[in-house]
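S.K.:
Protein chains: 2
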Amino acid sequence: METRALQVFLSVAETLNFSRSAEQLHMSVSAVSRTVGRLEDQLGQPLLERDRRRVRLTGAGREFREYARHTLAEWQQLRRRLGSEGELSGEVSLYCSVTASYSVLAPLLETFRIRYPAVEIMLHTGDQADGIDRILNAQDDVAVSGRPSQLPSRVAFLPLLESPLRLWRPTAECAVREQVQSARSVADIDWANLPLIVPERGVTKDLLDSWMALHGVRPKIYAQVAGHEAIVAMVGLGLGVGVAPQLVVEAGGMSDRVAALDLQEALDPLSIGLCCLARRLSSLPLQAFWDVAGQTYGEAV
Amino acid sequence: METRALQVFLSVAETLNFSRSAEQLHMSVSAVSRTVGRLEDQLGQPLLERDRRRVRLTGAGREFREYARHTLAEWQQLRRRLGSEGELSGEVSLYCSVTASYSVLAPLLETFRIRYPAVEIMLHTGDQADGIDRILNAQDDVAVSGRPSQLPSRVAFLPLLESPLRLWRPTAECAVREQVQSARSVADIDWANLPLIVPERGVTKDLLDSWMALHGVRPKIYAQVAGHEAIVAMVGLGLGVGVAPQLVVEAGGMSDRVAALDLQEALDPLSIGLCCLARRLSSLPLQAFWDVAGQTYGEAV
DNA sequence: ATCCCGGGTTGCGTAAAACGCGAAATAGTT
DNA sequence: AACTATTTCGCGTTTTACGCAACCCGGGAT
Numbered sequence: 265m266e267t268r269a270l271q272v273f274l275s276v277a278e279t280l281n282f283s284r285s286a287e288q289l290h291m292s293v294s295a296v297s298r299t300v301g302r303l304e305d306q307l308g309q310p311l312l313e314r315d316r317r318r319v320r321l322t323g324a325g326r327e328f329r330e331y332a333r334h335t336l337a338e339w340q341q342l343r344r345r346l347g348s349e350g351e352l353s354g355e356v357s358l359y360c361s362v363t364a365s366y367s368v369l370a371p372l373l374e375t376f377r378i379r380y381p382a383v384e385i386m387l388h389t390g391d392q393a394d395g396i397d398r399i400l401n402a403q404d405d406v407a408v409s410g411r412p413s414q415l416p417s418r419v420a421f422l423p424l425l426e427s428p429l430r431l432w433r434p435t436a437e438c439a440v441r442e443q444v445q446s447a448r449s450v451a452d453i454d455w456a457n458l459p460l461i462v463p464e465r466g467v468t469k470d471l472l473d474s475w476m477a478l479h480g481v482r483p484k485i486y487a488q489v490a491g492h493e494a495i496v497a498m499v500g501l502g503l504g505v506g507v508a509p510q511l512v513v514e515a516g517g518m519s520d521r522v523a524a525l526d527l528q529e530a531l532d533p534l535s536i537g538l539c540c541l542a543r544r545l546s547s548l549p550l551q552a553f554w555d556v557a558g559q560t561y562g563e564a565v
Numbered sequence: 265m266e267t268r269a270l271q272v273f274l275s276v277a278e279t280l281n282f283s284r285s286a287e288q289l290h291m292s293v294s295a296v297s298r299t300v301g302r303l304e305d306q307l308g309q310p311l312l313e314r315d316r317r318r319v320r321l322t323g324a325g326r327e328f329r330e331y332a333r334h335t336l337a338e339w340q341q342l343r344r345r346l347g348s349e350g351e352l353s354g355e356v357s358l359y360c361s362v363t364a365s366y367s368v369l370a371p372l373l374e375t376f377r378i379r380y381p382a383v384e385i386m387l388h389t390g391d392q393a394d395g396i397d398r399i400l401n402a403q404d405d406v407a408v409s410g411r412p413s414q415l416p417s418r419v420a421f422l423p424l425l426e427s428p429l430r431l432w433r434p435t436a437e438c439a440v441r442e443q444v445q446s447a448r449s450v451a452d453i454d455w456a457n458l459p460l461i462v463p464e465r466g467v468t469k470d471l472l473d474s475w476m477a478l479h480g481v482r483p484k485i486y487a488q489v490a491g492h493e494a495i496v497a498m499v500g501l502g503l504g505v506g507v508a509p510q511l512v513v514e515a516g517g518m519s520d521r522v523a524a525l526d527l528q529e530a531l532d533p534l535s536i537g538l539c540c541l542a543r544r545l546s547s548l549p550l551q552a553f554w555d556v557a558g559q560t561y562g563e564a565v
């Protein structure tokens with residue numbers, strides 16, 4: 265018998281509805297059904313009475329619910345005890361962009377290091393767009409990433425902050441600047457002749473693509489680049505107009521070499537947060553990191 | 265976290281020796297090692313301090329041991345409560361030989377039916393030699409079988425009783441009887457000309473084979489037969505000498521048609537008991553059956 | 001020194017468990 | 001009658017656990 269099954273059962277015992285619990289637990293209805301079925305099998309008694317119309321607890325179900333609550337509470341308690349006892353050990357492998365390591369991660373790591381000095385942190389940086397893949401391939405435990413439009417079901421996402429996604433132009437005097445300086449709307453821009461610098465892939469690319477589709481923009485792509493920082497750098501050099509989250513511009517050393525285009529039609533903001541494989545959250549060091557992140561960024565965003 | 269892991273940990277915490285625990289738990293050393301490793305991973309702390317020479321509990325290990333004992337005790341308690349509460353439901357599928365269904369199973373089933381009337385019993389009979397296979401293929405939950413010389417690691421065996429394995433001859437007047445009637449030792453018998461009736465396969469065959477090898481017997485096989493009952497029947501008809509557990513002869517209707525050969529060199533007795541897939545013992549109905557069997561046959565044999 | 005030996009860990013291939021999807025079954029609803 | 005809501009079941013796929021065997025590492029014994 266495992267704690268996960270207890271959680272599932274408790275959820276169903278509360279909602280009395282398999283579908284609703286499935287949603288709430290981020291799993292399929294059939295998985296919920298079978299998890300409960302397995303429990304009933306092991307215990308040799310039905311815990312829930314299903315009659316196609318309503319679900320009710322049986323006597324054994326009520327008794328088991330008490331047991332489950334109790335056991336689960338003790339488990340959580342143990343974890344808290346061991347977790348707060350300080351000497352949490354193990355390692356957490358992180359992946360994020362260079363910018364994120366400064367801006368998002370720095371305050372978080374500061375707190376974490378103090379609270380859990382014995383947990384080793386392994387930090388890998390690279391294109392933010394690779395974050396989700398590295399999580400899925402279990403190359404790293406946690407990644408800082410923009411929230412993809414659709415999250416694979418087995419990764420958990422903890423939103424930390426939002427940053428507006430904007431188009432940026434060079435501030436230095438150059439042809440590109442002239443082309444867009446006075447634009448206030450997509451319609452003011454001659455997209456066919458404007459060199460555009462876009463991300464190769466990733467959430468930012470997706471958001472940009474759908475924005476362009478929405479407003480009928482058929483751009484001339486000057487370059488596809490991996491990494492927001494590189495995009496901003498290229499814009500700063502006057503090579504074209506590029507897309508990047510505001511956070512990256514502010515955090516980098518380029519904020520005086522680029523300026524945002526101030527268009528009516530704003531892009532959807534990027535929701536930036538932590539991702540990890542949901543099942544890995546059962547690891548205490550990882551969960552500690554997750555909690556610290558939540559607290560650092562005010563829990564609810 | 266699952267109860268199995270708690271059991272494993274408790275065992276290691278007690279023996280302070282992975283190998284010994286592995287044996288005791290019927291699993292491989294590596295499985296034990298990894299189970300403990302997983303726990304440590306989830307809890308973010310080492311529970312056992314291994315230094316190639318001895319194993320000791322860490323502080324967290326001691327604390328966790330308390331938790332594990334406590335949790336496991338409550339789990340057992342819940343199961344007992346639900347189990348003894350009477351209305352245990354489910355089904356148990358049994359496999360055994362015809363003889364075993366009379367002799368071994370009858371008293372056991374009697375008790376079980378009274379105690380757990382809601383559990384359905386499905387009984388299948390056939391050659392006892394197939395028992396282990398049917399368990400391994402999950403065709404049945406429990407089988408009555410002789411204990412094989414080496415038990416597959418994932419099946420559990422509960423010894424119930426022993427029965428001497430003997431050679432049997434016809435009592436009616438016939439050539440075969442003359443050949444062996446006065447034999448008191450293997451050496452007295454002209455094996456090359458004695459028609460021998462042996463099991464096709466299974467534990468009995470193995471025991472017989474090793475016995476014959478040990479005493480240098482090179483028999484003339486008259487027939488290979490599936491099922492002890494059939495062997496006894498053939499012997500009773502005067503077709504030859506056969507091997508079977510005493511229990512089968514006593515329980516069948518042939519006890520006056522056959523007689524045991526009284527040789528100095530006895531065969532190893534057959535240890536008869538229940539087998540099932542170890543993991544299935546987590547099912548409460550099955551465990552109830554297992555317990556009843558143990559009690560019926562005096563727990564320790 | 002060198003070679004085994006006891007004892008735990010690790011890589012790899014395989015077997016079992018769990019899952020998600022979609023079909024089926026069955027009431028209640030429009 | 002068609003439609004919706006809800007649970008279970010069969011099937012193919014993914015994930016997890018296991019056993020085997022190789023390996024690593026200290027401690028004697030030769």
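As they're listed, the protein sequences go chains A and B.
The number in the working numbering is simply the position in the first sequence, starting from 1, with 264 added.
The number in the working numbering is simply the position in the second sequence, starting from 1, with 264 added.
Glycine included, each C-beta is placed from N, C-alpha and C at the ideal position.
Small disclaimer: the values here were computed from a predicted structure and weren't measured.
Around the C-beta of D404 (chain B), are 16 or more other C-beta atoms found within 10 angstroms, so that it is buried, or is it exposed?
M.R.: D404 (chain B) should be labelled buried.
S.K.: Could you tell me which of B:P371, B:M386, B:G410, B:E327 sits nearest to L534 (chain B), measuring between CA atoms?
M.R.: With distances taken between Cα atoms, L534 (chain B) lies closest to B:G410.
S.K.: Which stretch, first to last residue, makes up the beta strand (DSSP E) that contains Y359 (chain B)?
M.R.: It spans 354-360 - the beta strand (DSSP E) in which Y359 (chain B) sits, taken as one unbroken run.
S.K.: Which word fits T375 (chain A), buried or exposed, when buried means at least 16 other C-beta atoms lie within 10 angstroms of its C-beta?
M.R.: With fewer than 16 Cβ atoms within 10 Å of its Cβ, T375 (chain A) is classed as exposed.
S.K.: I want to see whether chain A comes within less than 8 Å of A420 (chain B), judged by CB atoms only; does it?
M.R.: Taking Cβ atoms only, chain A never reaches closer than 8 Å to A420 (chain B), which makes this a no.
S.K.: State the beta-bridge partners of E426 (chain B) as determined by DSSP.
M.R.: Bridge partners of E426 (chain B): B:S535.
S.K.: Return the residue from the list A:V383, A:S427, A:D305, A:A286 that minimises the CA-CA distance to A530 (chain A).
M.R.: Considering only alpha carbons, the answer is A:S427.
S.K.: Near L548 (chain A), what residues of its chain come up, given a Cβ to Cβ distance below 8 Å and the 5 sequence neighbours on each side ignored?
M.R.: Result list for L548 (chain A): R343, L346, G347, L352, G354, in chain order.
S.K.: Tell me the rounded alpha-carbon separation between R433 (chain A) and D555 (chain A).
M.R.: Going by the C-alpha atoms only, they are around 38 Å apart.
S.K.: At least one CB of chain A closer than 8 Å to the CB of W339 (chain B): is that the case?
M.R.: It does; some Cβ of chain A falls within 8 Å.
S.K.: Answer yes or no: do K484 (chain B) and P459 (chain B) have a C-beta to C-beta separation smaller than 8 Å?
M.R.: Closer than 8 Å, so yes.
S.K.: Could you check what DSSP says for E351 (chain B) in three-state terms: helix, strand or coil?
M.R.: E351 (chain B) falls in the coil class under three-state DSSP.
S.K.: In whole angstroms, what separates the C-alpha of A490 (chain A) from that of R465 (chain A)?
M.R.: Straight-line Cα distance between these residues: approximately 7 Å.
S.K.: Which same chain residues, not among the five before or five after V565 (chain A), have their C-beta less than 6 Å away from its C-beta?
M.R.: Confidence in V565 (chain A) is poor, its pLDDT being 48 and thus under 50, which makes the residue's placement too unreliable to answer from.
S.K.: Which residue or residues does DSSP assign as beta-bridge partners of A508 (chain B)?
M.R.: Partner(s): B:R430.
S.K.: Pick from B:A524, B:N401, B:R430: whose alpha carbon is nearest that of W475 (chain B)?
M.R.: Among B:A524, B:N401, B:R430, the Cα nearest to that of W475 (chain B) belongs to B:R430.
S.K.: For the beta strand (DSSP E) that Q320 (chain A) lies in, which residues bound it at each end?
M.R.: Reading the sequence as shown, one finds Arg at residue 320 (chain A) and not Gln. That run of the beta strand (DSSP E) goes 319-321.
S.K.: I'd like to know if the segment 366-373 of chain A and the segment 372-386 of chain B are in contact, where contact means that at least 3 CB-CB pairs between them fall below 8 Å.
M.R.: Output reads no: the segment 372-386 of chain B does not touch the segment 366-373 of chain A.
S.K.: From R298 (chain A) to A456 (chain A), what does the alpha carbon distance come to, in whole angstroms?
M.R.: The alpha-carbon atoms of R298 (chain A) and A456 (chain A) are separated by roughly 56 Å.
S.K.: Give me the residue from B:A477, B:L538, B:D394 with the minimum Cα distance to Q559 (chain B).
M.R.: Checking every option, the nearest Cα to that of Q559 (chain B) belongs to B:L538.
S.K.: Return the CA-CA distance between S283 (chain A) and Q306 (chain B), expressed in angstroms with no decimal places.
M.R.: Going from the Cα of S283 (chain A) to the Cα of Q306 (chain B) covers about 29 Å.
S.K.: My output table needs one value for A402 (chain B): the three-state DSSP class, helix, strand or coil.
M.R.: It is coil, neither helix nor strand.
S.K.: Sort A:G562, A:L550, A:L501, A:Y561 by Cα distance to E384 (chain A) and report the nearest one.
M.R.: For the residues A:G562, A:L550, A:L501, A:Y561, the minimum Cα distance to E384 (chain A) belongs to A:L550.
S.K.: Tell me the DSSP secondary structure of G301 (chain A) in three-state form.
M.R.: DSSP places G301 (chain A) in helix when its eight states are reduced to three.
S.K.: Could you give the C-beta distance for Q288 (chain B) and L336 (chain B), rounded to a whole number, given that I count them as a contact under 8 Å?
M.R.: Actually they are not in contact, since the Cβ atoms of Q288 (chain B) and L336 (chain B) sit about 16 Å apart, beyond 8 Å.
S.K.: Are the CB atoms of L472 (chain B) and V507 (chain B) nearer to each other than 8 Å?
M.R.: It is a contact, given that the beta carbons lie within the stated cut-off.
S.K.: Can you give me the start and stop residues for the beta strand (DSSP E) that H290 (chain B) sits inside?
M.R.: H290 (chain B) -> no beta strand (DSSP E), and no H or E assigned at all.
S.K.: What do you get for P416 (chain A), buried or exposed, if any count of 16 or more other CB atoms within 10 angstroms of its CB means buried?
M.R.: It is exposed - the Cβ of P416 (chain A) has fewer than 16 other Cβ atoms within 10 Å.
S.K.: Listed in chain order, which residues of the segment 539-554 of chain A have Cβ atoms closer than 8 Å to some Cβ of chain B?
M.R.: Result list: S546, S547, L548, P549, A552.
S.K.: Are the CB atoms of L541 (chain B) and R441 (chain B) within a distance shorter than 8 Å?
M.R.: It is not a contact, given that the beta carbons lie outside the stated cut-off.
S.K.: I'd like the span of the alpha helix (DSSP H) that includes T389 (chain B), first residue to last.
M.R.: Segment 383-389 is the beta strand (DSSP E) holding T389 (chain B); no alpha helix (DSSP H) there.
S.K.: Any beta carbon from chain B within less than 8 Å of Y359 (chain A)'s own beta carbon?
M.R.: For Y359 (chain A), the answer is no, since every Cβ of chain B falls outside 8 Å of its Cβ.
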